[in-house]
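Line by line, the protein sequences give chains A and B.
Residues in the first sequence are numbered from 1 upward in steps of one, following full-length UniProt numbering.
Residues in the second sequence are numbered from 1 upward in steps of one, following full-length UniProt numbering.
Here a beta-carbon is modelled for each residue, glycine too, at the ideal position from N, C-alpha and C.
Model, not experiment: these values are computed from the prediction.
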Amino acid sequence: MSKQFDRRAFLRRGAAGAAALAVGPGLLAACSTDESGSGRKGAGSSPRSGGTLRAAFVGGGASETLDFFNGPSVLDLVRARAWHGTLGNLDSSAPDGVRYGVLKGIDISHDLSSYTLHVRPGVRFTDGSELTAADILHSLSALAGKSTLPVYRLAAANFDLAHAKADGDLKVVLPTLRPIADGRMILCQGNFLVVKDGTKKFRKGMPSCGPFRLTEFTAGQGSAFERYDDHYDHVPLLDGLELRSIADSTARAGALTGGEIDFAHDLSPVTARTLAGEAKVELVPTRSPYLVGLSFQMNMGVKPFDDPRVRQAFKLAVDREAMVKTVFHGNAEIGNDLPAMGFPDYADGIPQRAHDPERARGLLKEAGADGMQIRLTTGPETPGMVEMATLFVEDLKKAGVKATVRELPAGQLYADFATYAALPLAGSYQIPIPALSTYQMSTAGGMPSAFGWKESATDALVAKARAESDPAEAKKLGTRAQRIRWEKGNQILPVFKPNLNAQAEGVAGIRDDLFEQFPGFSRASLA
Amino acid sequence: MNLLAFAGRRLAGAALLLVLLSAAVFAATAVLPGDAVSSVAGVDASTEQRAHVRAELGLDRPAAERYASWAAGAVRGDLGRGFVGERPVTDVLATRLPNSLLLAGLTLAVTAPLALSLGLWTGLRAGGTADRLVSTGAQALAAVPEFVVAALLTAVLAVWLGFFPRVSVVPLGGTPLDAPHALVLPILTLSTVGLAVATRLLRVCVADAAAAPYCEAARLNGVRGVRLAVRHILPNAAGPAVQALTLTTGALVGSSVVVENVFDYPGIGRELQLAVAARDVPMVQGIATALVAVMLAVLLLGDLCARLLGRREVNSR
């Protein structure tokens, strides 16, 4: 058995080489048997309706579930987005910063103590019944409120879901736990989907009001959908949709170039690069704010990270551009040591941190930490993490730190949480969620995942920023709080990487469904 | 009668071994650093939320107690539910294990006759040029990791020549048999590696039998070629040969995780890998125990066959 596991570890490391071997672009172009290329329309013509789009995702194996309130894999939520109606999605071009779904709008009371959700009239479930406040209430308080998934915890940390009430058929009143002005951003992030009142079991054939209805589901293999012609918003152009689980990045790319699928989700940087020369395939990376932050956490409870000069030196030592170029072949954005880049409450006014190994060396000397030894611990939890850590260690060496890297086997980094939270220096990643509410949920008050950061003044500033109804003032307060984290914080965030998605030529409209991290297909069309 | 007693004894032994091994697997998951709380509650859950989830999953109970309640369920055929996604473990086994058995079985069907012929051919010419060539080739092939073989086969047969699909896209709700062409590359990959190992094992059995005095006597009497191989060598090498093949087969069922990944074949190995990464104890426990049971059953069958063949050998002499 141990030999087998060694081989698996070897496989992971060797996958890069194997990928290059398996998807040699020259070979592919020469003998692809793709049929979708024929009869393609020129750019600029209106999107074609009809056809079945086939998309592939990593999936969660046989433990995939239709109950998206308990399904942690990306595909569980993607499937649910196709199947169920949503409260809304973030849209920076819309008036409230939100494109509403089954809602007409959200009003916030003057004292910020409650939110009123106005139901969009005339939304029908597949069984013909009309969507009412009771359905939203059930989805929010009975289902989302009991979910242990991180995406739903953000809402539970801000709203008193247990005391939400229906006011007539078309209004839901949702009390807040503390005054907040940015609640729309939390409720309409895209992951709040609505099922019918009383739903306990999720199964094929249950009433739904999303753009598609589920016709087939096999855990770990895939699901099939057909268009729901009575969809409230935007009746899909596609006749059908097939969502497949293909775990391996190279295999997903292979299925795409082989014409077996039309959309491949989240390819590894190396796989994506091999597709760059493909004529019939196009790379469509997610855009800001749907970028995953790759980070390093310095533990302030461990010397010498209690010294802000050391923390600053580590931040200055990172060569961010080299990471973007080497690890992601240019397909990523440079980070500024603050999470949630691209969200409305992200402090974009703070200057970009420079790469200054000389100054880092000076600061370390000043703090008496030159020649310090440190071990960076990380794991292959998302593509690029281990490579980033390797580069960071080299950068640290150039600044005079005796750094080494330790790679844990897949899954172990976070599974052994007590050990993780006690690491002096850990490589990690951040999923895209808004800046201030995330800070309150996972960093404020000395949470274990804060790695020793405990600053009640900053916590208070964040709370004040969120309780400010004047957007300009809120932005000012929020920026001030993030500036403190930028200067004295213990998090290094050098790179934000997109999900490297790829699609067959002529596929369009997937991005128009917003919430790109979990692609939606209600506006998609085939060539 | 003698055989029945033998089978009964071996069956009882296998059952005992199964219990011991399932306990060993459980102990391994208990010793493994970390638990499933982070995969269920997320990395940035607070201490209270972690405690809540841990209690909900029953992970706050001592390991011995958890094993006892798992074993009590397992005896009744209830292997519990996975921590991640909450699917019944028996469901996952029912959908995935048959696929793995199918892959292993088909691989065996390809490997066994080929390995037998190659083993006879080389074993009878032990030390000769042909033997050295084939044996060295087999040794080299056995040393190549499956994913390299898979990548090469894919590059040549799927990408370059376009004979087979690169990924085993099984129709929704169907089995791999509904897309037989998708089975070819996984079987070829596993067979290549399995063939190399089995040929080397069989060669030794044949060489041993060929060196035995009665074979020499047969040869001196003018028995040659196929007749010598079929009438004299094969019956005597068959016992150990069957056992060599059983070992290869048992290993195939669980170890095809690499092939499952590369070709996206819906087998059980990948499920086990996922479950280990998520520290999904009931899933790991259920799958590992099922694989142990399959392995023990295959070994038992192999031993029975070897014994039957051995008896014939005794009677005929």
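query = If you measure from the beta carbon of Asp169 of chain A to each beta carbon in chain B, is any gap under 8 Å?
reply = Within the first sequence, residue 169 of chain A is the residue found at index 169, counting from 1. Not closer than 8 Å to any Cβ of chain B, the Cβ of Asp169 of chain A fails to qualify, so no.
query = Taking the beta strand (DSSP E) that His118 of chain A falls in, what are its first and last residues?
reply = The residue given as residue 118 of chain A occupies position 118 in the first sequence. Run containing His118 of chain A: 114-119, per the beta strand (DSSP E) assignment.
task = Using a Cβ cut-off of 7 Å, pull out every chain B residue sitting near Tyr414 of chain A, in sequence order please.
result = As a first step, residue 414 of chain A must be located in the first sequence, where it is residue number 414. By Cβ distance, chain B contributes Ser38, Val43.
ask   = Taking DSSP as the reference, what is the three-state secondary structure of Val352 of chain A?
value = Counting from 1 along the first sequence, the entry for residue 352 of chain A is found at position 352. Residue identity differs from the one stated: residue 352 of chain A is Gln in this sequence, not Val. Three-state DSSP puts Gln352 of chain A in coil, outside helix and strand.
query = Quick one: does Asn99 of chain B have its CB under 8 Å from some CB of chain A?
reply = Stepping through the second sequence from its first residue, residue 99 of chain B is reached at position 99. Asn99 of chain B does not count as touching chain A.
key: Burial state of Glu64 of chain A, where buried means 16 or more other Cβ atoms lie within 10 Å   = By one-based count along the first sequence, residue 64 of chain A stands at place 64. Buried, because 16 or more other Cβ atoms sit within 10 Å of the Cβ of Glu64 of chain A.
Counterpart residues of Ser525 of chain A in DSSP-defined beta bridges = The residue given as residue 525 of chain A occupies position 525 in the first sequence. For Ser525 of chain A, which the question treats as bridged, DSSP gives the partners A:Ala508.
Contact set for Leu97 of chain B: own chain, Cβ-Cβ below 7 Å, skip 5 residues either direction = The residue you call residue 97 of chain B lines up with position 97 of the second sequence. Excluding positions up to five away in sequence, the list reads Ile268, Ala290.
query = So is Asn299 of chain A in contact with chain B if we call contact Cβ pairs under 8 Å?
reply = By 1-based counting over the first sequence, the position of residue 299 of chain A is 299. Chain B contact via Cβ: absent.
message = Any contact between the stretch 191-211 of chain A and the stretch 133-140 of chain A? By contact I mean 3 or more CB pairs, one from each, below 8 Å.
response = yes
task = Could you tell me whether any Cβ in chain A is nearer than 8 Å to the Cβ of Thr95 of chain B?
result = Here residue 95 of chain B corresponds to residue number 95 of the second sequence, with the count starting at 1. Yes - at least one Cβ of chain A is within 8 Å of the one on Thr95 of chain B.
message = Using CA atoms only, rank isn't needed, just tell me which of A:Tyr429, A:Val401, A:Asn501 is closest to Tyr414 of chain A.
response = On the first sequence, position 414 is the one that residue 414 of chain A refers to. Residue A:Tyr429 is the option with its Cα nearest to Tyr414 of chain A.
task = Determine which residues share a DSSP beta bridge with Ile268 of chain B and list them.
result = The sequence position of residue 268 of chain B within the second sequence is 268, counting from 1. None, per the DSSP bridge assignment.
task = Could you tell me whether any Cβ in chain A is nearer than 8 Å to the Cβ of Gly82 of chain B?
result = Counted from its first residue, the second sequence places residue 82 of chain B at position 82. At least one chain A Cβ lies under 8 Å of Gly82 of chain B.
request  = Can you tell me the Cβ-Cβ gap for Ala12 of chain B and Thr249 of chain B, rounded? I've got them flagged as a contact below 8 Å.
outcome  = Within the second sequence, the letter at position 12 stands for residue 12 of chain B. Within the second sequence, the letter at position 249 stands for residue 249 of chain B. Not quite, the Cβ-Cβ distance comes to about 23 Å (not below 8 Å), so this is no contact.
Which of helix, strand or coil DSSP assigns to Lys325 of chain A = Counted from its first residue, the first sequence places residue 325 of chain A at position 325. Helix.
query = If we call anything under 8 Å between Cβ atoms a contact, is Arg270 of chain B one with Phe6 of chain B?
reply = Within the second sequence, residue 270 of chain B is the residue found at index 270, counting from 1. Within the second sequence, residue 6 of chain B is the residue found at index 6, counting from 1. Contact flag unset, no.
Cβ contact check for the stretch 113-123 of chain B and the stretch 193-200 of chain B: 3 or more pairs under 8 Å = yes
query = Can you tell which of A:Tyr152, A:Pro175, A:Pro150, A:Gly168 has the C-alpha that lies nearest to the C-alpha of Ala162 of chain A?
reply = As a working mapping, residue 162 of chain A is identified with position 162 in the first sequence. Here the closest residue by C-alpha is A:Pro175.
query = In the structure shown, what three-state DSSP assignment does Gly101 of chain A receive?
reply = Reading the first sequence from its first residue, position 101 is the one you call residue 101 of chain A. Of the three classes helix, strand and coil, the one that applies to Gly101 of chain A here is coil, per DSSP.
Whole-number beta carbon distance between Leu338 of chain A and Phe243 of chain A, since they are thought to touch under 8 Å = Position 243 of the first sequence, counted from the first residue, corresponds to residue 243 of chain A. Position 338 of the first sequence, counted from the first residue, corresponds to residue 338 of chain A. Here the sequence assigns Leu to residue 243 of chain A, which means Phe is not the residue at that position. No, Leu243 of chain A and Leu338 of chain A are not in contact; Cβ-Cβ is about 34 Å, not under 8 Å.
task = List the residues of chain B that Ser419 of chain A touches, going by C-beta distances under 8 Å, in chain order.
result = Looking up residue 419 of chain A in the first sequence gives position 419. The sequence given here places Thr at residue 419 of chain A; Ser does not occur at that position. By Cβ distance, chain B contributes Pro33, Gly34.
query = In chain B, what lies closer than 7 Å to Ala219 of chain A by C-beta?
reply = Residue mapping note: residue 219 of chain A aligns to position 219 of the first sequence, counting from 1. Arg87, listed in chain order.
task = Have a look at A:Pro383, A:Leu376, A:Thr382 and flag the residue whose alpha-carbon is nearest the alpha-carbon of Thr390 of chain A.
result = On the first sequence, residue 390 of chain A is found 390 positions in, with the first residue counted as 1. Ranking the options by Cα distance to Thr390 of chain A, first place goes to A:Leu376.
message = Please return the same chain residues whose Cβ sits closer than 7 Å to the Cβ of Ala262 of chain B, not counting the five positions on each side in sequence.
response = If you number the second sequence from 1, residue 262 of chain B lands on position 262. The identity of residue 262 of chain B in the sequence shown is Val, whereas the question assumes Ala. Cβ within range, chain order: Phe147, Ala150.
ask   = Can you tell me whether DSSP reads Ile246 of chain A as helix, strand or coil?
value = Here residue 246 of chain A refers to the residue found at position 246 of the first sequence. Here Ile246 of chain A sits in coil by DSSP.
request  = Could you give the DSSP three-state label for Gln430 of chain A: helix, strand or coil?
outcome  = Mapped onto the first sequence, residue 430 of chain A falls at position 430. Note: Gln430 of chain A maps to strand in three-state DSSP.
inquiry  = Could you tell me the alpha carbon to alpha carbon distance between Leu3 of chain B and Leu304 of chain B, rounded to whole angstroms?
reply    = Counting from 1 along the second sequence, the entry for residue 3 of chain B is found at position 3. Counting from 1 along the second sequence, the entry for residue 304 of chain B is found at position 304. Each residue's Cα considered, the two are about 8 Å apart.
query = At what residues does the alpha helix (DSSP H) containing Ile261 of chain A begin and finish?
reply = Taking the first sequence and counting its residues from 1, the one referred to as residue 261 of chain A is at position 261. Taken as a continuous stretch (DSSP letters only), Ile261 of chain A belongs to no alpha helix (DSSP H), as it is neither H nor E.
query = Cα separation between Val134 of chain B and Ala410 of chain A?
reply = The sequence position of residue 134 of chain B within the second sequence is 134, counting from 1. The sequence position of residue 410 of chain A within the first sequence is 410, counting from 1. Taking the straight line from one Cα to the other gives about 38 Å.
key: Backbone secondary structure at Gly302 of chain B - three-state DSSP   = As a position in the second sequence, residue 302 of chain B is number 302, starting the count at 1. Of the three classes helix, strand and coil, the one that applies to Gly302 of chain B here is helix, per DSSP.
ask   = Pairing CB atoms from the stretch 513-522 of chain A with CB atoms from the stretch 235-252 of chain A, are three or more of them under 8 Å?
value = yes
key: CB-CB length for Ala62 of chain A against Arg87 of chain B, believed under 8 Å   = Here residue 62 of chain A corresponds to residue number 62 of the first sequence, with the count starting at 1. Here residue 87 of chain B corresponds to residue number 87 of the second sequence, with the count starting at 1. 7 Å between Cβ atoms; contact.
key: Which residues DSSP lists as bridging Arg213 of chain A, in chain order   = Counting from one through the first sequence, the residue named residue 213 of chain A turns up at place 213. DSSP, once it has assigned bridges, lists A:Glu226 as partnering Arg213 of chain A.
query = Less than 8 Å separating the beta-carbons of Ala367 of chain A and Val310 of chain A?
reply = The residue you call residue 367 of chain A lines up with position 367 of the first sequence. The residue you call residue 310 of chain A lines up with position 310 of the first sequence. Yes; because the gap between Cβ atoms is below 8 Å, this pair is in contact.
ask   = Residues bridged to Glu130 of chain A by DSSP?
value = Taking the first sequence and counting its residues from 1, the one referred to as residue 130 of chain A is at position 130. In the DSSP output, where bridge partners are listed per residue, Glu130 of chain A has A:Arg124.
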